[in-house]
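>
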Amino acid sequence: MRLLPGNKPRRTPSAIMGRHSRFQSSEMAVEIESKREQILTAMVRVVGRQGYEATSVADVIEEAGTTRTTFYRNFEDKHECFLAAYDVLIDRVFARIVGECDAEQSWVDRVRKGLATLLDFFAEEPEMARTAVVEVAGAGAEARRKHTDALTRFTAYLDGGRRLHPEAELPEHISTMAAGAVSALIFDELVAERAGQLPAQLPELLFAMLVPYIGPAAAAEEMRRAA
Amino acid sequence: MSARRRTAELARPPEGRRREHWRPPRGRHRLPPEVIARSQRERLLAAAIDVVAEKGYAATTVADLTKEAGISRTTFYEMFEDKGACFLAAYEAAVDVLTRRVATAFEAEQGWLARVRAGLEALLSSLAAEPRLARLALVDVGSAGPAAQRRYRAALQRMTPFFDEGRDYAPNGRALPANTSRMAIGAVIGLIVDEIEEGRTERLSELLPEVLFATYLPYLGPEAAAREVGEDAAPAGK
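Residue numbers (my numbering), protein chains in the order written: chain X, 68 to 294; chain D, 71 to 308.
Here you go:
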């Protein structure tokens, strides 16, 4: 995986070298790093395909083309690996959104572009989308907290709508409400195996994201413009 | 609805009390077989809710269910193919009870604002009174596989008619997207699940102003929604 802005600091080759001093060459350390990433990507894909509970470490190492030894050198167990994989997945989605949106000047344009980027990514990577939005619910309380944090991060990035109404006292929870509405629509499409149709949902999702701030008349107008 | 009536619907004692299952008398008796079968099934569904809430879906075994319900393995497999089928039946029963309570409260009122308020009040108080049922219906269902995820989606869709009346009430309701109700439900459920995850299920009724606001929001916009929630919060007979 490429190093993208927004990624959390990960173990660098030199850090791995420090931990495993028997690895002499930096090529070897880089190789270990890339194995770790292959395992993380494999975890996201397999869980998206068959669900968290039905996924075994054996499935993940087969998908990653690696060994049990390599898996357990990097992770304590399936759960720890999933949590790490989920972080990387969210960082990746977020980095892509930030990369696409930062040039947008107006808040509405930024929301539209951010949603479109998210929906395109999910349509291209339906397995990753299922893991990010649907299967995460089955991976325990910590995973669900990571999901909630990801939604918060997403909406906080797009939460410029408050500035449009400095006089209005919008409730603190308003971005949670927008996130709940948007993720409900995405969840429904993914559960129905319709990830490919998500980009076509952009107008409705834009409405959902804007309506808490600008009200139904103006949000419906933006929805029509996006159609 | 009294606590007794409420729990009778799920054939189990109130949470926190000692379980005292009703069982048919031992030995020869004249109860028809279908009555016995129904009581076993109800005990099993109630057991599924309790065990899954306690151990999580993945860790729950058929043996846990038969032990908790006091039935034999043979009887279990006469009723259900596997743990998943039993969980789905328990889930459906729980959703039926919740939807019925919401519908009853909703239909007793006049006007969308008051109807939605009553329906949401019933939903929150039902979930608060039975934290295990709340977890099963909104949290554990996510871990029980694709069939359960589809049931969850269908269950939330059963709530859409209560919200959809907002389109007639809203000033420009026809211009709103067809899935506005699903957005409102998503926002409401998101707020409720946050409370459950934070361990505040028993205080869910306090969330009424927020969930009302989230419901009115896409139909009325932020200012009108805040105004209506404020007026609704005033004492009755205002």
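Think of the CB as a built atom: it goes at the ideal place given N, C-alpha and C, for glycine as much as any other residue.
Which value, in whole angstroms, describes the spacing of the CA atoms of Ala284(X) and Asn242(D)?
Rounded to whole angstroms, Ala284(X) to Asn242(D) spans 7 Å at the Cα level.
> Hey, is the stretch 133-150 of chain X in contact with the stretch 197-217 of chain X, meaning 3+ C-beta pairs nearer than 8 Å?
yes
> Go ahead and label Glu298(D) buried or exposed: buried means 16 or more other beta carbons lie within 10 angstroms of its beta carbon, across all protein chains shown.
buried
> Counting only beta-carbon atoms, is Ser250(X) nearer than 9 Å to chain D?
yes
> Any C-beta of chain X within less than 9 Å: which residues of the stretch 259-289 of chain D qualify?
Ile259, Gly260, Leu261, Val263, Asp264, Glu267, Pro279, Glu280, Phe283, Ala284, Leu287, Pro288 and Tyr289
> Looking at the structure shown, is Asp166(D) part of a helix, part of a strand, or coil, going by DSSP?
Residue state, collapsed to three classes: helix.
> If you check the beta carbons only, do Leu290(D) and Gly282(X) fall under 9 Å apart?
yes
> How about the stretch 111-118 of chain D and the stretch 154-170 of chain D: do they share at least three Cβ pairs that are nearer than 8 Å?
Three or more beta-carbon pairs separated by less than 8 Å link the stretch 111-118 of chain D to the stretch 154-170 of chain D, which places the two stretches in contact.
> Could you check whether the Cβ of Tyr153(X) sits closer than 9 Å to any Cβ belonging to chain D?
Output row for Tyr153(X): interface = no.
> The stretch 190-212 of chain X: which residues have C-beta closer than 9 Å to a C-beta of chain D, in chain order?
Residues of the stretch 190-212 of chain X whose Cβ lies closer than 9 Å to any Cβ of chain D, in chain order: Val201, Glu202, Val203, Ala204, Gly205, Ala206, Gly207, Ala208, Arg211 and Arg212.
> Do the stretch 256-263 of chain X and the stretch 272-279 of chain X touch if we need at least three Cβ pairs shorter than 8 Å?
Judged by Cβ distances under 8 Å, the stretch 256-263 of chain X makes no contact with the stretch 272-279 of chain X, as fewer than three pairs qualify.
> Would Asp120(D) be called buried (16 or more neighbouring beta carbons within 10 Å of its own) or exposed?
buried
> Determine, for Val334(D), whether the minimum Cβ-Cβ distance to residues of chain X falls below 9 Å.
Nothing can be reported for residue 334(D), as the shown portion of chain D is limited to 71 through 308.
> Of all the options Glu271(X), Leu273(X), Ala267(X) and Ser242(X), which has the alpha carbon lying nearest to the alpha carbon of Leu261(D)?
Of the candidates Glu271(X), Leu273(X), Ala267(X) and Ser242(X), the one whose C-alpha sits nearest the C-alpha of Leu261(D) is Ser242(X).
> Start and end of the alpha helix (DSSP H) containing Ala293(X)?
Leu269 to Ala293
> Check each candidate in Leu208(D), Arg273(D), Arg252(D) and Leu277(D) and name the one with the smallest Cα separation from Leu190(D).
Leu277(D)
> Are the C-beta atoms of Leu168(D) and some chain X residue less than 9 Å apart?
no
> Taking the alpha carbon of Arg163(X) as the point to measure from, which residue in Ala245(X), Tyr224(X) and Val175(X) has its own alpha carbon closest?
Tyr224(X)
> Can you tell which of Tyr222(D), Tyr147(D) and Phe283(D) has its C-alpha closest to the C-alpha of Phe254(X)?
When only C-alpha atoms are compared, the closest one is Tyr222(D).
> So does the stretch 106-123 of chain X actually touch the stretch 189-199 of chain X, counting three or more Cβ pairs closer than 8 Å?
yes
> Using a cut-off of 7 Å between C-beta atoms, extract the partners of Arg220(D) located in chain X.
Chain X residues near Arg220(D): Val258.
> So that I know if they touch, is there some Cβ in chain D lying closer than 9 Å to that of Leu186(X)?
no
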